[in-house]
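FYI, my numbering numbers position 187 of the sequence shown as 185, with every residue one higher than the one before it. Every residue gets a Cβ at the ideal spot worked out from N, C-alpha and C, and that includes glycine. Below is one structure, written out as structure tokens, with a few remarks after it.
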Amino acid sequence: MRSRIFTHIAALTIILAALASFAYAADQLAGFELCAENEFLELYYRADTAEIAVVHKETGAVWYSNPPGRDKQETLARGAAKARLSSQLVLTYYSANQQQQMDSFNDSVAHGQYEITPLENGLRVKYRFGKIWQDRDYLPTIISEERFNELILANIPREKDREFLRDMYGLFSLEEGYDSGEDLNIMGVDFDHLLAGWGIKVDEPRFRTTDKRRLFQEYLVLIRDNKKYDSLGEVKPEEIVGLRNTPTLLLKWNVMQWDIEDAIKLVKAAGYTPEDVAYDHEYYSAAPPYPDLRQFEITVEYLLDGADLVVRVPTQEIRFPDKVWDPKNDQEVSYPLTSISVLPYFGAGSVEDQGYMFVPDGSGALIYFNRTSPLAEPYSRRVYGQDHAATPLREYSAMLKEQIYLPVFGVVKNDQAFLAIIEKGDAAARIEAMLPGMRDSYNKVWASFEVRSAARVNMQAEGELIHLRQLSILMYQSRLNQSDNVIRYVFLPRDESSYAGMARAFQGYLVEKHGLEKLEPGGGLPLIVDVIGSFDHVQPVLGIPTNVVEPLTTHEQTQLMVDDLLSEGVDTLKVRYLGWLRGGIRHVYPRGAPLERAVGSAASWQRLNQHLESLGVSFYPSVDFLQVHRNSLADLYFEFFHAPRGLDRSGASLNTFHIATYQPINGRQVALLSPARLSGVLDSFLKGYERYGVSGLALGDLGLLLYADYRLNPSKLVDRPMAEDIIVEQVRRLAENKHLMIAGSNAYLLPYAEVLVEAPLYARGEAILHQTVPFYAMVVSGYMEFAGQPYNLSDHRGDFYLLKLLETGAAPYFALTWQPSSLTKNTDFDYLFSTYYPDVKEDVLAVYSTVKEVLGDSWPAAIADHRVLAQNVCETTYDNGLRVVVNYTSQPYSLPDGTVVPAVGYAVLQGGN
């Protein structure tokens, strides 16, 4: 009976909380109109600001496109910067090689330049950015007294305002035969020729002779500037006939700016327009006001799709000034649009809110609300890493940062959460985040889209008169990207409002979209090894420096190594073989699949494959398809045809860096293959590879590199989203016949991978990031086996590496050679300093046995939940109920049940014990 009462009380509490939440939401939505609704969501909008709000019915949470309390909560930004908090889009463009920005409130909504159109499941808003007329265009510089009185003064009700406005002008005219008796001559102007018997009459009692002369001179300046004369003396008599017998008002030259601003308000209120100004100016041969050419049109659509909000920016409806005629300066101009920030304030948290932002930096990272630091800078990283064709890496330090592999971000605010998934345009997207104090008073994370790539190119000249003069110009992609930009906002239930809930939501999204299948249980914990076959280096041969390929692990030695590992109790072994292609690790251009003779023959290769197959060992020979490490004329790789073009119109390449100076090494660039040429190379490679009968293949760079081909011809240009589509199609084709191991990997190749290596297990490189979380691991766990960096080549070896394996469920992973790694000393491969199998074997078995002891019964280990208990203390719950708490700190950590997790150690809990 008592339990029933408690059950009813709990249910009543939930109902009351929900009712209170909806009542609060209704109060907060004052001024909004309902435009779409389904069983999960309600979509509202405000007609006066174009902002939206989404009500999540299950939780009662209201998510706003713009902070609802910004008028009072914003304490840092002022003026236009504060008004920007009401914007839904921010665009970036260039004017005279200088970056400029506009936002949808200050430059569109505030001027009424937008249209809201209802859709079946939402609405669309079409923004026109940029004022056609600037405020100064409303105020006439010269006008007849008659039109001034009729069109302006007659429509100003207050006498004081009429007097104020009239006093800003001087009245004058030309009358035939009139002579004031004053010397009004202007240097360089032939009055006898110009006036032709007409006299200058100034009807301003307080004007001195110098003022009258100045008044007429200012009029001549207007004509000179309009006609583009070099001097006032070039003004012709027929150009001043408008003054004849016509009392005319000219704006005085000494009017203060604040008076100008007040006058503009008066003439606007009077209904006088820039078109009227143009008529009056042209009557007097003065330049009319010209419309501002900086006009942009962008449309955004908001659609309810089940339990999600889908936001779409259609690229085909983007308009910007491209090669338009500027009548003011008599030249063709462009204002290239380069990027669009979409809903930069959606779900923004104020300084009073509690929560964090999630960004997919490397494995994933949290940015806690309001936790600012003097060293922290705004977060801004490209999805899928650097576009090496647009902006090559100039310094090694940039390579030390993890790239973004997943096109997602999210917010947890006051126990409510959403996950944003970039569905289209992800290859051109950038994830950005800011804390209070960086621009305004809000915590915010959003996506921006590069719709047209741009890069600053340095140009140099040297000669007898010019020495090392540098000039930088901006180069642009020859057209806009063709892909739309689409973000899906997934609103999470209250009990899923965490980064772990976001990971589960994204995993479910991938499963539904791509049909991912769970790993079959019972396979045993895998050990993944990189077998380094051979490498190249320069050594003297008969006194001549010669590039020689050196064997590190032959085919036969690979068999011996595999046999030894299996005999030591390794359940499942997966081998990635590097350096098997001709040329070693830096193999030849793969138009075929020639074997490297230094490590064996075709017969020994067949024996190796058959031996591994008989043992049930998965075998993945590794190939780089995008990096052209070396080629000859016989390979038919020609940079002009096959390399992607950079924005500087040269062939794009990867820099090789000096690890001591962090600077590029001249002459050591690695050539790249254009995405447009990938299909042909794969066809040629597969013809040779199929002869070997190997069922597996490792992709060394297709999952890591993504770049465009900026051909000048728009029809031949491959933008970055197109490059993604090409790679996906080619890898899908490979996956139909091959088992794929992929290095990385970026999200678009996850559906085709059986095994991932070099997967991100850390987030690093940004002071704004507060906590690393295994988001990537949570997404892929249970659906594909994965590993981070090889243990013996990792920056985080020893106990820290082991803890990361236990926390993430990643497989143990090692790089091994049969020959001593000292052979690589003083070569480009000296990073392989710890791969000698006899030296590493003990570590291999120790790490493998420890992970097997903890996770072996759970394999394949699928993460069910993950929590941060304290800074660098985390708890992972696997789907079989196993809980592992890892402590990366130097102090023991006590759990609530009294269990002590040792420093740099772990505790395993099963069923609460």
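In whole angstroms, give me the CA-to-CA distance for residue i and residue j.
{"i": "residue 773", "j": "residue 326", "result": "55 Å"}
{"i": "residue 506", "j": "residue 491", "result": "14 Å"}
{"i": "residue 789", "j": "residue 695", "result": "22 Å"}
{"i": "residue 581", "j": "residue 356", "result": "43 Å"}
{"i": "residue 960", "j": "residue 54", "result": "The question about residue 960 has no answer here: the residues shown for the chain are numbered -1 through 911."}
{"i": "residue 249", "j": "residue 472", "result": "40 Å"}
{"i": "residue 814", "j": "residue 742", "result": "20 Å"}
{"i": "residue 799", "j": "residue 120", "result": "49 Å"}
{"i": "residue 266", "j": "residue 217", "result": "24 Å"}
{"i": "residue 489", "j": "residue 407", "result": "12 Å"}
{"i": "residue 751", "j": "residue 614", "result": "19 Å"}
{"i": "residue 285", "j": "residue 317", "result": "28 Å"}
{"i": "residue 19", "j": "residue 264", "result": "With a pLDDT of only 47 at residue 19, under the threshold of 50, the placement of this residue in the model should not be trusted; the figure read from the coordinates follows. Spanning the two alpha carbons is a distance of roughly 47 Å."}
{"i": "residue 369", "j": "residue 412", "result": "16 Å"}
{"i": "residue 708", "j": "residue 715", "result": "5 Å"}
{"i": "residue 685", "j": "residue 676", "result": "14 Å"}
{"i": "residue 8", "j": "residue 57", "result": "In this prediction, residue 8 scores a pLDDT of 44, lower than 50, which makes its location untrustworthy; no coordinate-derived value is stated."}
{"i": "residue 359", "j": "residue 666", "result": "29 Å"}
{"i": "residue 622", "j": "residue 754", "result": "15 Å"}
List the whole-angstrom C-beta distance separating residue i from residue j, where the pair is believed to meet the contact cut-off of C-beta under 8 Å.
{"i": "residue 186", "j": "residue 137", "result": "So it is not a contact: roughly 29 Å between Cβ atoms."}
{"i": "residue 643", "j": "residue 387", "result": "7 Å"}
{"i": "residue 419", "j": "residue 486", "result": "5 Å"}
{"i": "residue 233", "j": "residue 222", "result": "6 Å"}
{"i": "residue 416", "j": "residue 345", "result": "6 Å"}
{"i": "residue 589", "j": "residue 633", "result": "6 Å"}
{"i": "residue 531", "j": "residue 558", "result": "Not quite, the Cβ-Cβ distance comes to about 14 Å (not below 8 Å), so this is no contact."}
Quick one: what does DSSP say residue i is sitting in, helix, strand or coil?
{"i": "residue 358", "result": "coil"}
{"i": "residue 534", "result": "strand"}
{"i": "residue 726", "result": "helix"}
{"i": "residue 77", "result": "helix"}
{"i": "residue 329", "result": "strand"}
{"i": "residue 749", "result": "helix"}
{"i": "residue 3", "result": "At residue 3, the pLDDT of 45 sits below 50, so the modelled position is not reliable; the number obtained from the coordinates is stated separately. Three-state result, residue 3: helix."}
{"i": "residue 647", "result": "coil"}
{"i": "residue 877", "result": "coil"}
{"i": "residue 704", "result": "coil"}
{"i": "residue 620", "result": "strand"}
{"i": "residue 412", "result": "coil"}
{"i": "residue 916", "result": "Because the chain here runs from -1 to 911, residue 916 falls outside it and cannot be looked at."}
{"i": "residue 677", "result": "helix"}
{"i": "residue 656", "result": "coil"}
{"i": "residue 577", "result": "coil"}
{"i": "residue 609", "result": "helix"}
{"i": "residue 12", "result": "Its pLDDT being 45, under 50, residue 12 is placed unreliably by the model, and the measurement read from it follows with that caveat. Note: residue 12 maps to helix in three-state DSSP."}
{"i": "residue 352", "result": "coil"}
{"i": "residue 431", "result": "strand"}
Under a Cβ-count criterion, where at least 16 other Cβ atoms within 10 Å of its own Cβ denotes burial, should residue i be classed as buried or exposed?
{"i": "residue 306", "result": "buried"}
{"i": "residue 542", "result": "exposed"}
{"i": "residue 44", "result": "buried"}
{"i": "residue 475", "result": "buried"}
{"i": "residue 29", "result": "exposed"}
{"i": "residue 897", "result": "exposed"}
{"i": "residue 901", "result": "exposed"}
{"i": "residue 885", "result": "buried"}
{"i": "residue 466", "result": "A caution first: residue 466 carries a pLDDT of 48, below 50, which makes its placement in the model unreliable, though a value can still be read off. So residue 466 ends up on the exposed side."}
{"i": "residue 600", "result": "exposed"}
{"i": "residue 330", "result": "exposed"}
{"i": "residue 636", "result": "exposed"}
{"i": "residue 493", "result": "exposed"}
{"i": "residue 14", "result": "Because the pLDDT of residue 14 is 46, which lies under 50, any placement of that residue in the model is unreliable, and the question is left without a value."}
{"i": "residue 756", "result": "buried"}
{"i": "residue 954", "result": "Outside the displayed range of the chain (-1 to 911) lies residue 954, so it cannot be described from this structure."}
{"i": "residue 646", "result": "buried"}
Quick one: give me the first and last residue of the alpha helix (DSSP H) that residue i is part of.
{"i": "residue 545", "result": "Residue 545 -> not in any alpha helix (DSSP H); beta strand (DSSP E) instead, spanning 542 to 549."}
Just curious, the beta strand (DSSP E) that residue i is in, first and last residue?
{"i": "residue 863", "result": "861 to 868"}
{"i": "residue 303", "result": "294 to 303"}
{"i": "residue 483", "result": "483 to 490"}
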